[in-house]
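Inspection log for the structure reproduced underneath, given as C-alpha cells.
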Amino acid sequence: MIREISLFLIGNKTFFSKSESEKEEALKELKLPHPFKTYLQKSNEQDFIKELRGLVGNIYQPTSSNVSENNLFKAVLEFFVQSFGMRLEIAHESIAFSRVERAEVIEKMVPGENVFASSLRQLLLNHSYQDCVAEINALAKKVVNAPYIVVQSPREIDLELKKKIREHLYTEYPFSFPVFQINRKLIGGFRIFKGGTVIDHSWISRVLRFTSLTAV
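In the numbering used here, the protein residues as written are 3 to 218.
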C-alpha cells in the first residue's frame, strides 16, 4: 500500500495542491481500495507525511510508536474491517481445501498484479484466520480504542448472515472486526458481546430473512 501511494504521488507531484474534485479525478489511476483513495482525497501534505511516518514507525517499533487517531491507519482499518472481512471469512471456509485449491479461491477474491493485491493474497494464504483477526483487533484497539466484538451462535452461520451482521455492526463500531464463535450451550439464538458485556441484538431478527438461517 505504501509503495502504491508513493509511486502515485511521485507521478502526481502537485496532488496535494489540487481541489478535492481534482484529487478525486487524479485518484482514478490509483489501484487501491476506496478507503485509501478517500483518505488521500481529504488529506493535506503535512498531515499525510506525519501520518505516514506514524505508520512506518509502527512497523519498525510497534511498542513505542504513537498511532492514536492516525487517519491513515483508520483507512487501513476501514479496509480490513469492511471489504477484507468477508474475504477473510471465505478464505477461512476453504481451510479444508488443498493449498493449490485455496490459492485459486483467493486469486479470484483478490485479483490484481500490484504489490498490494499480491500481499493480500499471501496474507490470506499463509496466515490463519485467528492470527489475522487478532492483529486487526489489536491495531484497532491501539489506533481508536475500538471495542472487542464477539458474536456467538449455537451453530455455524452462513456467509450471507455474517455479511448482514457485519454491515449492521459497522454502523455502530466501524473499526471493530467482529469475531464469530460457536457456543453450543447457547439457548435462544444469538449473543453479541462488546468488551465482554452482552449488548442489544434484537435487530438480528430483522436480517434473518435475508439468509438461509431461519431458526437457531
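Glycine is no exception: its CB is placed at the ideal position from the N, C-alpha and C atoms. Only a predicted model underlies this, so the values are computations on that prediction, with no experimental measurement involved.
Quick check on residue i: does DSSP put it in helix, strand or coil?
| i | result |
| --- | --- |
| arginine 186 | coil |
| threonine 199 | strand |
| phenylalanine 82 | helix |
| glycine 114 | coil |
| serine 121 | helix |
| glutamate 47 | helix |
| phenylalanine 2 | No information on residue 2 is available, as it lies outside the stretch 3 to 218 that the chain covers here. |
| valine 102 | helix |
| proline 37 | helix |
| asparagine 128 | helix |
| isoleucine 97 | coil |
| isoleucine 159 | coil |
| asparagine 60 | helix |
| serine 2 | Here the chain has residues from 3 to 218 only, and residue 2 is not among them. |
| glutamate 71 | coil |
| serine 66 | coil |
For residue i, which residues from the same chain have a beta carbon less than 8 angstroms from its beta carbon, with the 5 sequence-adjacent residues on both sides left out?
| i | result |
| --- | --- |
| asparagine 139 | Ala148, Tyr150, Ser178, Phe179 and Val181 |
| phenylalanine 192 | Val153, Gln154, Ser155, His203, Ile206 and Val218 |
| arginine 186 | Pro156 and Arg157 |
| isoleucine 92 | Val107, Met111 and Leu161 |
| threonine 40 | Ala77 |
| tyrosine 175 | Ala148, Pro149, Ile151 and Lys196 |
| leucine 1 | Missing from the structure shown is residue 1; the chain here goes from 3 to 218 and no further. |
| alanine 142 | Leu79, Val83, Ala148, Phe177, Ser178 and Phe179 |
List the DSSP bridge partners of residue i.
| i | result |
| --- | --- |
| arginine 193 | Gln154 |
| threonine 173 | Answer is none; threonine 173 lacks a bridge partner. |
| valine 181 | Val152 |
Using the beta-carbon count (16 or more within 10 Å), is residue i buried or exposed?
| i | result |
| --- | --- |
| glycine 87 | buried |
| glutamate 22 | exposed |
| asparagine 72 | buried |
| alanine 136 | exposed |
| arginine 168 | buried |
| tyrosine 62 | exposed |
| proline 2 | What the structure shows of the chain is the stretch from 3 to 218, and residue 2 is not part of that stretch, so it cannot be assessed. |
| serine 130 | exposed |
| isoleucine 194 | buried |
| phenylalanine 82 | buried |
| leucine 9 | exposed |
| glutamate 164 | First, the residue type needs correcting, since residue 164 is lysine and not glutamate in the sequence shown. Flag for lysine 164 reads buried. |
| arginine 55 | exposed |
| serine 66 | exposed |
| serine 45 | buried |
| serine 214 | Here the model assigns serine 214 a pLDDT of 48, short of 50, so the residue's position is not dependable, and the following value carries that caveat. Exposed, because fewer than 16 other Cβ atoms sit within 10 Å of the Cβ of serine 214. |
Ordered along the chain, which non-local residues of its own chain (more than five positions away) have a Cβ less than 7 angstroms from that of residue i?
| i | result |
| --- | --- |
| glycine 197 | Pro149 and Tyr150 |
| phenylalanine 118 | Met3, Glu6 and Leu34 |
| isoleucine 53 | Looking at the sequence provided, one finds glutamate at residue 53 rather than isoleucine. Answer for glutamate 53: Asn72, Asn73 and Leu74, listed in chain order. |
| alanine 28 | Asn14, Phe17 and Lys20 |
| isoleucine 123 | Looking at the sequence provided, one finds arginine at residue 123 rather than isoleucine. So the list reads Ile108, Glu109 and Val112, once near-sequence residues are dropped. |
Taking the continuous alpha helix (DSSP H) assigned at residue i, which residues delimit it?
| i | result |
| --- | --- |
| glutamate 31 | Element bounds for glutamate 31: n/a, residue is neither H nor E. |
| aspartate 133 | 131 to 146 |
| serine 8 | 4 to 13 |
By Cβ distance, which residues of its chain are closer than 6 angstroms to residue i, with the 5 residues on each side in sequence left out?
| i | result |
| --- | --- |
| proline 37 | Ala77, Glu80 and Phe81 |
| serine 96 | Arg104 and Val107 |
Is the Cβ of residue i closer than 7 angstroms to any Cβ of chain B?
| i | result |
| --- | --- |
| valine 78 | The structure shown contains no chain B, having only a single protein chain. |
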